[in-house]
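Visitor: Reading the sequence shown from the start, the letters are residues 1 to 482 in full-length UniProt numbering.
Even glycine gets a Cβ: it sits at the ideal position worked out from N, Cα and C.
Take this structure first; my questions come after.
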Amino acid sequence: MRRTRNVKIVATLGPASSDYETIRALFEAGADVFRLNMSHGTHAEQKARHDIIRQVEADTGRPIAILADLQGPKLRVGVFANGSEELAEGARFRFDLDKAEGDATRVCLPHKEIFDALEPGTTLLVNDGKIRLVVDACGADFADCTVTTGGTISNRKGVNVPDVVLPLAALSDKDKADLEFACELGVDWLALSFVQRPEDVEEARGLAKGRAAILSKIEKPAAVKAYPAILAASDGIMVARGDLGVELPVHSVPPIQKRLVRGARAAAKPVIVATQMLESMIESPMPTRAEVSDVATAIYEGADAVMLSAESAAGQYPVEAVATMDSVAKSVEADPTYREVIEASRRVERKTIADGIVAAAREIAEATDIHAICCFSQSGMTASLVARERPNVPIIALTPIEATARRLCLTWGVHCALTHEVIDRFKMAVVSAARVAREGGFATEHDQIVVTAGVPFNVKGTTNILRVAPCDERLIFRTDPE
């Protein structure tokens, strides 16, 4: 079953989507990547979902990517004697390390690292920013604050500290255990929460040991500031707009989203736009017009993927939510304005032979009657470079490595096909590409394709050859005699 759109869809699995029938239906409706949210569910439940995804993959004959999303450290207040308290604007309130139950004047904040980073004037946000406080005085074990936006504060509500870089690692002990479990399971991508600096990414990479690609979630102001370095250290990016919208003014999130998407595209690394994309479909079979526009905007911006969270994990209409995203994507990509926007935003510094090869492949495809760009890739880098060009023809990535094929399911416009490593001559690579293009319905024997590869074969980073080839194997052999 060939996808007829370029942008990819990430669907989160959960209580509403844990059986074979639903996961298969989500895939057939358009999901390319399945997300396992490690914040919820046991390891046994996640393994069961993983096994079902791999069964769907085997039954459909198409690679599917699995993304394990690590929870990250959760900063929460302690508990209150009454369960909750009302904080009025202008009131004084203290956070401290005293484990005694809280009241209307204080509560425990069991995170010494926060107190180590605070200084007068720092903002503290509670319950997704619904309550705002400003630090007046602080020490190693306390922070006296003034409430600037009041509300109800209750047991174990989350705390955000947007103004400072916290001396906290992105990986908690739970995250390290979840990371090892996910890698042993065989997931393709690890999404890293609470990233503040490139060192956070390097720590996760060291623990993953090459078993999964690392995708950094940009959800903190510190990550936005350090984005170039974090992007360089990462294999992919997620624009996690939920926490961004808490820790930064909501009106600043759209321009940040644009910058993050463009930066990731320039680096030839996949970028997901996430959070509340079709939020109303948790309970409604129809999205709002604003939500549809939000999804469309991310696609017009050139995002590699758009993501569903609770909509597919816990909502009443998970399959309909995926189908809606699929329909929006097809509608946008059929719009002539989409091509104009995508091409106008193509800003690439070409520094390598591979950069030149893929640029030439796109230009040839746009100038002539080419039906697909076929690229042989060990690591997936060549396919990613072709995708960065956003060509107007399908991209077929041929690789002998199953993990590469799965990871590329997150990359814009890439259709993956597994080949055999026995290909050691360019002519046979061209023949293989032509067969895949015909069998996949991308071309007929009367059509032409562009083929890129690296010689010698099966060596990473050697993309150095391009050929326009017929899909008729007889013509390939006739023009390429031994």
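Which residue from 317, 156, 274 puts its Cα closest to that of residue 111?
Guide: Out of 317, 156, 274, 156 has the C-alpha closest to the C-alpha of residue 111.
Visitor: Any chance the region 226-239 sits against the region 279-295, with 3 or more Cβ pairs inside 8 Å?
Guide: The region 226-239, when compared against the region 279-295, does not touch it at the 8 Å Cβ threshold.
Visitor: Can residue 14 and residue 314 be called in contact, C-beta distance under 8 Å?
Guide: yes
Visitor: Cα separation between residue 403 and residue 188?
Guide: 7 Å
Visitor: How big is the Cα-Cα spacing for residue 19 and residue 281?
Guide: 20 Å
Visitor: Just confirm the distance between the C-beta atoms of residue 323 and residue 11, as a whole number of angstroms; I'd bet it's less than 8 Å.
Guide: 11 Å between Cβ atoms; not a contact.
Visitor: Between residue 52 and residue 23, which are expected to be in contact by the criterion C-beta below 8 Å, what is the C-beta distance as a whole number of angstroms?
Guide: That belief holds up - the Cβ atoms of residue 52 and residue 23 are roughly 5 Å apart, short of 8 Å.
Visitor: Taking only runs of the beta strand (DSSP E) that begin and end inside the region 159-218, which ones reach a length of at least 3 residues, in chain order?
Guide: 189-192, 213-218
Visitor: Report the three-state DSSP secondary structure of residue 89 (helix, strand or coil).
Guide: coil
Visitor: Please classify residue 482 as buried or exposed, where buried requires at least 16 other C-beta atoms within 10 Å of its C-beta.
Guide: Because residue 482 carries a pLDDT of 48, less than 50, the predicted location of this residue cannot be relied on, and no value is offered for it.
Visitor: Would you mind reading off the limits of the alpha helix (DSSP H) that contains residue 53?
Guide: 43-60
Visitor: Which residue comes first and which comes last in the beta strand (DSSP E) that contains residue 269?
Guide: It is not in any beta strand (DSSP E) - residue 269 carries neither H nor E in the DSSP assignment.
Visitor: Compare the C-alpha of residue 425 against each of 395, 413, 359, 457 and name the closest.
Guide: 457
Visitor: For residue 444, is the classification buried or exposed, using 16 other Cβ atoms within 10 angstroms of its Cβ as the cut-off for buried?
Guide: exposed
Visitor: Which runs of the alpha helix (DSSP H) at least 4 residues long sit entirely within the region 366-448? Give them in chain order.
Guide: 381-388, 402-407, 426-439
Visitor: Going straight from the alpha carbon of residue 467 to that of residue 451, what length do you get?
Guide: Rounded to whole angstroms, the separation of the alpha carbons of residue 451 and residue 467 is 5 Å.
Visitor: Thinking C-alpha only, which one of 398, 164, 120 is nearest residue 113?
Guide: By alpha-carbon distance to residue 113, the top candidate from 398, 164, 120 is 164.
Visitor: Quick check on the burial criterion: 16 or more other C-beta atoms within 10 angstroms. Buried or exposed for residue 252?
Guide: It counts as exposed.
Visitor: Just the C-alpha distance for residue 337 and residue 319, rounded to the nearest angstrom, thanks.
Guide: 29 Å
Visitor: Where in the region 72-117 do unbroken runs of the beta strand (DSSP E), each at least 3 residues long, occur, reported from the N-terminal end onward?
Guide: 84-87, 92-96, 106-108
Visitor: Go ahead and pull the three-state DSSP assignment for residue 245.
Guide: helix
Visitor: My assumption, with CB atoms under 8 Å, is that residue 411 sits in contact with residue 372. Please give the rounded CB distance.
Guide: Actually they do not touch by this definition, with Cβ atoms about 15 Å apart.
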